[in-house]
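A.B. asks:
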Amino acid sequence: MRPVITFLSDFGPAAPAVCRGVMYRICPDANIIDIDHQVPRYSIRDGAGSLIFALPHMPVGTHVAVVDPGVGTERLPVGLRTARGDVLIGPDNGLLVGAAEALGGIEEARALENRELMLATITQSFHGRDIFAPIAGHLAAGVEFSTVGPTVPIDELVRLPVIRPSISRTASSARRSSTCSSTATSRSRGPPRISRRPSDPSNPGDHSSCNSRPMTAPRPSRNGPSGSGPSAACLSARRC
Numbered sequence: 163m164r165p166v167i168t169f170l171s172d173f174g175p176a177a178p179a180v181c182r183g184v185m186y187r188i189c190p191d192a193n194i195i196d197i198d199h200q201v202p203r204y205s206i207r208d209g210a211g212s213l214i215f216a217l218p219h220m221p222v223g224t225h226v227a228v229v230d231p232g233v234g235t236e237r238l239p240v241g242l243r244t245a246r247g248d249v250l251i252g253p254d255n256g257l258l259v260g261a262a263e264a265l266g267g268i269e270e271a272r273a274l275e276n277r278e279l280m281l282a283t284i285t286q287s288f289h290g291r292d293i294f295a296p297i298a299g300h301l302a303a304g305v306e307f308s309t310v311g312p313t314v315p316i317d318e319l320v321r322l323p324v325i326r327p328s329i330s331r332t333a334s335s336a337r338r339s340s341t342c343s344s345t346a347t348s349r350s351r352g353p354p355r356i357s358r359r360p361s362d363p364s365n366p367g368d369h370s371s372c373n374s375r376p377m378t379a380p381r382p383s384r385n386g387p388s389g390s391g392p393s394a395a396c397l398s399a400r401r402c
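Using the working numbering, read the sequence shown as starting at 163 and increasing by one per residue.
1) Is it right to say residue 397 is buried, meaning 16 or more other beta carbons lie within 10 angstroms of its own, or is it exposed?
2) Only counting runs of 4 or more residues, tell me where the alpha helix (DSSP H) segments fall wholly within the region 201-248, in order along the chain.
3) Alpha carbons only, please: which of 210, 220 and 207 is nearest the one belonging to residue 196?
4) Take every Cβ of the region 183-190, pair it with every Cβ of the region 236-243, and state whether three or more of those distances are shorter than 8 Å.
5) Please go through the same chain and pick out, in chain order, the residues whose beta-carbon is closer than 7 Å to the beta-carbon of residue 246, but skip the five residues on each side of it.
6) Pick helix, strand or coil for residue 385, following the three-state DSSP scheme.
7) Figure out for me which residue from 257, 273 and 329 has the closest Cα to the Cα of residue 313.
8) Which residues bound the alpha helix (DSSP H) around residue 263?
9) Pull up the distance between the alpha-carbon of residue 177 and that of residue 324, whole angstroms please.
10) Between the C-alpha atoms of residue 141 and residue 173, what's the straight-line distance to the nearest angstrom?
11) Assign residue 389 to buried or exposed, taking buried as 16 or more other Cβ atoms, counted over all protein chains shown, within 10 Å of its Cβ.
12) Write down the C-beta distance between residue 210 and residue 261 rounded to the nearest angstrom, noting that I regard them as a contact closer than 8 Å.
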């Protein structure tokens, strides 16, 4: 069976191909499975979650994971050997521990310090290519895990803090009180009021102002004979 290497990173579309090329040069028979290279940039927790989700369904093999905001600093590059027989390779920043525990637990942890298993030139910004990929290739080709470097106490490995949801009784009671108060207020207001718009004098068909105008006795016409009744102008005003 061909040796399996799985690969996860936050590198995006281009850089993973470079790392795969390094692995294939060292172990041409490797079966490299890409898990995800679109992990949000430097999001260790997202990368760790993807590993926990994926690795229990992968064949036993070497698993490379690189989400490494501390690249070039004093953080350790590490390898973790699990009870199932897998080896996880990556930075000691909490990315690997959860997945290793999902594979039966960590049996051995080592710092990656053997320069013979790395590229000749090691940069400060691309340890995925210069350290992790070549060591994964050597392990897949049959190199013993014990040769990668000295052991590291398992209880000193970096672990991500566990985030658990909590509910505050005070906050919950305040939310319920606010909801009840809003409901009572809306009920006490009663049905919505309908306001009547004033008549539009520009609309000749709008007679609302005429209907509301009080009726007054017509004045006699100045031009008409006395007692002959209202003039035409008065009648027109009454009809609106």
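Ideal placement from N, C-alpha and C gives every residue a C-beta, glycine not left out.
Quantities reported herein were computed from a predicted structural model and do not represent experimental measurements.
C.D. replies: In this structure, then:
1) Counted from its first residue, the sequence shown places residue 397 at position 235. Model confidence at residue 397 stands at a pLDDT of 46, short of 50, so the residue's coordinates are unreliable; what they give is reported in the following sentence. Counting the other CB atoms within 10 Å of its CB gives residue 397 a total below 16, which places it among the exposed residues.
2) Complete alpha helix (DSSP H) runs here, min 4: 206-216.
3) Working through the sequence shown from its first residue, we reach residue 196 at position 34. Answer by Cα proximity: 220.
4) Because the criterion of three Cβ pairs below 8 Å is not met, the region 183-190 and the region 236-243 do not touch.
5) Numbered from its first residue, the sequence shown carries residue 246 at position 84. Setting aside the 5 residues that flank it on each side, residue 246 is surrounded in the same chain by 222, 265 and 266, each with a C-beta closer than 7 Å to its C-beta; the list follows chain order.
6) If you number the sequence shown from 1, residue 385 lands on position 223. Residue confidence is low: residue 385 scores 49 on pLDDT, short of 50, so the model does not pin down where it sits. Its coordinate-derived value is still stated next. Coil, per DSSP.
7) Residue 313 sits at position 151 when you count from the first residue of the sequence shown. Closest by alpha carbon: 273.
8) To locate residue 263, count along the sequence shown from 1; it is residue 101. 259-264 is the extent of the alpha helix (DSSP H) around residue 263.
9) Along the sequence shown, one-based indexing puts residue 177 at 15. Along the sequence shown, one-based indexing puts residue 324 at 162. So the alpha carbons of these two residues sit roughly 31 Å apart.
10) Since the displayed the chain opens at 163 and closes at 402, residue 141 lies outside it and no answer follows.
11) Residue numbering aside, residue 389 sits at position 227 when the sequence shown is read from its first letter. For residue 389, the predicted model reports a pLDDT of 46, less than 50, meaning its position is unreliable and no value from the coordinates is stated.
12) What you label residue 210 is simply residue 48 of the sequence shown in a count that begins at 1. What you label residue 261 is simply residue 99 of the sequence shown in a count that begins at 1. In this structure residue 210 touches residue 261 by the C-beta definition: roughly 7 Å separates them, less than 8 Å.
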